[in-house]
Amino acid sequence: MKVGVMALTVLKNLVKGPATIRYPYQPAKVTPVTRGHLVINIDDCIFCGLCKMHCPADAIEVSKPDRTWRLNQFQCVICGCCVSYCPKDCLSIEQTYLPPTTSATIVSVTGPEPDKKEGQGEPVSS
Amino acid sequence: MSKQIIVPFGPQHPVLPEPIHLDLVLEDERVIEAIPSIGYVHRGLEKLVEKRDYKDYVFISERICGICSFIHGATYCQGVEQIMGIEIPRRAEFLRAIWSEYSRMHSHLLWLGCFADGMGYENLFMNCWKVREKILDVLERTTGGRVIQGVNRVGGVSRDMDAAELKRIEGEIPGLRDDFTELTRIFDEDLTVQTRTKGIGILPKDKAWDLGAVGPVIRGSGHAVDVRSTGYGAYDELDFKPVVRNEADCHARCLVRAEELFTSLDLIENAIDRIPAGDILAPVKGNPSGEYYARAEQPRGEVIHYVKANGKKNLLRHRVRTPTLANVPALVHMLAGCELADVPVIVLTIDPCIGCMER
Amino acid sequence: MKQPQQTIKTIAVEELIHQIHSFHDDGYRLVQISCASEGDAFEVTYSFDKELTLTHLRIPASTEKPIPSISRIYLAAFVYENEIADLFGIPFSGIAIDYKGTFIRTSIPHPFGSPQISVVKKKPEGQHE
Numbered sequence: 440m441k442v443g444v445m446a447l448t449v450l451k452n453l454v455k456g457p458a459t460i461r462y463p464y465q466p467a468k469v470t471p472v473t474r475g476h477l478v479i480n481i482d483d484c485i486f487c488g489l490c491k492m493h494c495p496a497d498a499i500e501v502s503k504p505d506r507t508w509r510l511n512q513f514q515c516v517i518c519g520c521c522v523s524y525c526p527k528d529c530l531s532i533e534q535t536y537l538p539p540t541t542s543a544t545i546v547s548v549t550g551p552e553p554d555k556k557e558g559q560g561e562p563v564s565s
Numbered sequence: 004m005s006k007q008i009i010v011p012f013g014p015q016h017p018v019l020p021e022p023i024h025l026d027l028v029l030e031d032e033r034v035i036e037a038i039p040s041i042g043y044v045h046r047g048l049e050k051l052v053e054k055r056d057y058k059d060y061v062f063i064s065e066r067i068c069g070i071c072s073f074i075h076g077a078t079y080c081q082g083v084e085q086i087m088g089i090e091i092p093r094r095a096e097f098l099r100a101i102w103s104e105y106s107r108m109h110s111h112l113l114w115l116g117c118f119a120d121g122m123g124y125e126n127l128f129m130n131c132w133k134v135r136e137k138i139l140d141v142l143e144r145t146t147g148g149r150v151i152q153g154v155n156r157v158g159g160v161s162r163d164m165d166a167a168e169l170k171r172i173e174g175e176i177p178g179l180r181d182d183f184t185e186l187t188r189i190f191d192e193d194l195t196v197q198t199r200t201k202g203i204g205i206l207p208k209d210k211a212w213d214l215g216a217v218g219p220v221i222r223g224s225g226h227a228v229d230v231r232s233t234g235y236g237a238y239d240e241l242d243f244k245p246v247v248r249n250e251a252d253c254h255a256r257c258l259v260r261a262e263e264l265f266t267s268l269d270l271i272e273n274a275i276d277r278i279p280a281g282d283i284l285a286p287v288k289g290n291p292s293g294e295y296y297a298r299a300e301q302p303r304g305e306v307i308h309y310v311k312a313n314g315k316k317n318l319l320r321h322r323v324r325t326p327t328l329a330n331v332p333a334l335v336h337m338l339a340g341c342e343l344a345d346v347p348v349i350v351l352t353i354d355p356c357i358g359c360m361e362r
Numbered sequence: 004m005k006q007p008q009q010t011i012k013t014i015a016v017e018e019l020i021h022q023i024h025s026f027h028d029d030g031y032r033l034v035q036i037s038c039a040s041e042g043d044a045f046e047v048t049y050s051f052d053k054e055l056t057l058t059h060l061r062i063p064a065s066t067e068k069p070i071p072s073i074s075r076i077y078l079a080a081f082v083y084e085n086e087i088a089d090l091f092g093i094p095f096s097g098i099a100i101d102y103k104g105t106f107i108r109t110s111i112p113h114p115f116g117s118p119q120i121s122v123v124k125k126k127p128e129g130q131h132e
């Protein structure tokens, strides 16, 4: 039976500090490949609808005549399926996690007009 | 003649990690029999397979369970690859084996923590989960997700580990080995753990075979049944030996899981030495047709994925037989005749994963 | 690497108990019982394992004719037979512990057996623009 194991552990903990991160007051650990949340670069999108067809969680809605792309952030499981199917590579996954909210968040993005007006699309999110 | 009363145990209970309901028939403080009933987290995922492309379904099959998620995805891919006749690259099989062993270590450490917590030993629970953080860091660095990895694809894996990363993982293994040795010593020698687990929940050797128990439950009773011995994937080249104990009580099952941590470290070291170079994803064309029963070894036992397809892009049937469902008759047998205070320890010793069990 | 081929033998319902007895005497372990539907016809498959090789037995089934239960020989079968009876509606006669439809709590009876499920897409409430 070993003696002094508990005393050594107590001294180590007094010196080193807590082993946990006080998230969300301190930022979470991320790595370059962490999957946090989905974003779209709406200027390149051609509204083909492939991301909506292949989403396993049915979280994306695309409307070609209105040129809108909507994402239900609560339903999205950040699997990366849409990213691999997009033909124009306009979808990507950012590393930070989203803050907690109390109701479903729909991100709705409208693309630019096709006759090359210089105004960019207005991302309306809540 | 004492009266018999029925005590409902679960689904919400502070000591249970998962929602299972047991009706315990008690006489004084001794359990006469236990009647399980399930269905609290049934999501009907097997019906969803008829509505999703078979390649997109990999993401759903990984989310059947949070703890054993990588091996569910890998076994589903194995089944579909077999019926389509695809031969995946050898490097992809080695990568799948490395991630499976990391997944197994994280699940066993989670279980050791919950087991200590079920006995009231919260300090040991926190220490086990502190070691688990190091394994989750490795998984996040290499795949992008701590609990759900999302790298399995039909035809291989989608992300590679380069030589620098493999060297870094190999450098961390001696530190993990020291941590595991200390934890195993506590579970083996500590007087509290011994008094609460030795001689409790005995499952004799012939009963274990008859009731169809799988995983550490049957390996703690003397049978060397481990699906990794069949050599699926890369396990035929990794010198695997199953861990078996003969005492058949809760203490034996606890030590089987603790010693499997060391087996996993050995398998990872062998895999890193022998991994061949090559590509990681084979091209997939067409639709599957046929049926197959794919088998793999999860941390909790033997899992079977049955896939059946008839040439369309949605599969016809996908049925998962998880190891917890096979251990429920063994649980009912072990609970008969024990004291009321031993019920949480015995329920935790079969490692219930009710999310998997009810899909 | 390719997995070994598996043999699935289809037999009639009357020979089931005799075959199960011979498996039990040879020392096989019951692995699982599963049910698959192709249109209106169901088929129930029993899987056994000895020395890590699987063999399967398959019988045709329907919701009218009851299948004799094997839980007198293999007690572990009661879990699988109750689950099939709850989800698909195929009756089994003589299960050792019979839950009579209450093993898995679902909101509609026999969800996998009958085609009474329709998928309705609901717009989430609290839509913010």
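Protein chains in written order, with the working numbering: chain E, 440 to 565; chain G, 4 to 362; chain A, 4 to 132.
Beta carbons: idealized from backbone N, C-alpha and C, even for Gly.
Model, not experiment: these values are computed from the prediction.
Cutoff 8 Å: residue i Cβ touching any chain G Cβ
i	result
Thr566(E)	What is shown of chain E runs 440 to 565, which leaves residue 566(E) out entirely.
Ala39(A)	yes
Pro495(E)	yes
His131(A)	Per-residue confidence for His131(A) stands at a pLDDT of 41, beneath the threshold of 50, marking its modelled position as unreliable; no derived number is given.
Val516(E)	yes
Cys487(E)	no
Gln22(A)	no
Ile107(A)	yes
Phe115(A)	yes
Gly443(E)	no
Ala498(E)	no
Arg32(A)	yes
Ala79(A)	yes
Ala458(E)	yes
CB contact check: residue i to chain E, cutoff 8 Å
i	result
Glu143(G)	yes
Lys133(G)	yes
Arg99(G)	no
Asp282(G)	no
Arg171(G)	no
Sub-8 Å separation of residue i and residue j beta-carbons
i	j	result
Cys478(E)	Glu533(E)	Looking at the sequence itself, residue 478(E) is Val, so the reference to Cys does not match. It is a contact, given that the beta carbons lie within the stated cut-off.
Cys253(G)	Thr198(G)	no
Leu106(G)	Ile151(G)	Sequence check: residue 106(G) is Ser here, not Leu. For Ser106(G) and Ile151(G), no; Cβs fall outside 8 Å.
Thr325(G)	Val348(G)	no
Val83(G)	Val310(G)	yes
Val196(G)	Arg222(G)	no
Ile89(G)	Ala285(G)	yes
Leu25(G)	Gly13(G)	yes
Ile36(A)	Tyr102(A)	no
His336(G)	Leu179(G)	no
Leu55(A)	Ser232(G)	yes
Leu113(G)	Phe183(G)	no
Arg162(G)	Pro279(G)	no
Sequence-distant residues of its chain with Cβ nearer than 6 Å to residue i (five each side left out)
i	result
Glu21(G)	Pro355, Ile357
Gly76(G)	Val61, Ser64, Glu65, Asn155
Ile100(A)	Phe81
Tyr31(A)	Phe51, Lys53
Ser565(E)	Residue placement at Ser565(E) cannot be trusted, given a pLDDT of 43 that sits under 50; what the coordinates show is reported in the next sentence. Correct list: empty, nothing qualifies.
Gly304(G)	Val217, Gly218, Pro326
Ile73(A)	Ile23, Ala80
Min CB distance residue i to chain A below 8 Å
i	result
Val350(G)	no
Pro332(G)	yes
Trp212(G)	yes
Gly123(G)	no
Integer-rounded CB distance, given that residue j should sit under 8 Å from residue i
i	j	result
Leu351(G)	Cys117(G)	6 Å
Asp59(G)	Pro495(E)	5 Å
Leu60(A)	Gln22(A)	6 Å
Lys288(G)	Asp56(G)	Contact doesn't hold; Cβ gap of about 14 Å is too wide.
Ala498(E)	Leu510(E)	6 Å
Ser508(E)	Val516(E)	A small correction: the amino acid at residue 508(E) is Trp; Ser does not occupy that position in the sequence shown. Not confirmed; about 18 Å, so no contact.
Buried/exposed call for residue i, threshold 16 Cβ in 10 Å
i	result
Pro526(E)	exposed
Val230(G)	buried
Gln465(E)	exposed
Met360(G)	buried
Thr146(G)	buried
Ala15(A)	exposed
Chain-order list of residues whose beta-carbon lies under 7 Å from that of residue i (same chain, five-residue window excluded)
i	result
His113(A)	Leu90, Phe91, Gly92
Met4(A)	With a pLDDT of 49 at Met4(A), under the threshold of 50, the predicted position of this residue should be treated as unreliable, and no value is reported.
Pro63(A)	Ala44, Glu46
Sequence-distant residues of the same chain with beta carbon closer than 8 Å to residue i, five excluded per side
i	result
Gly7(G)	According to the sequence as given, residue 7(G) is Gln; it is not Gly. Only Val28, Leu29, Glu30, Ile35 meet the Cβ criterion.
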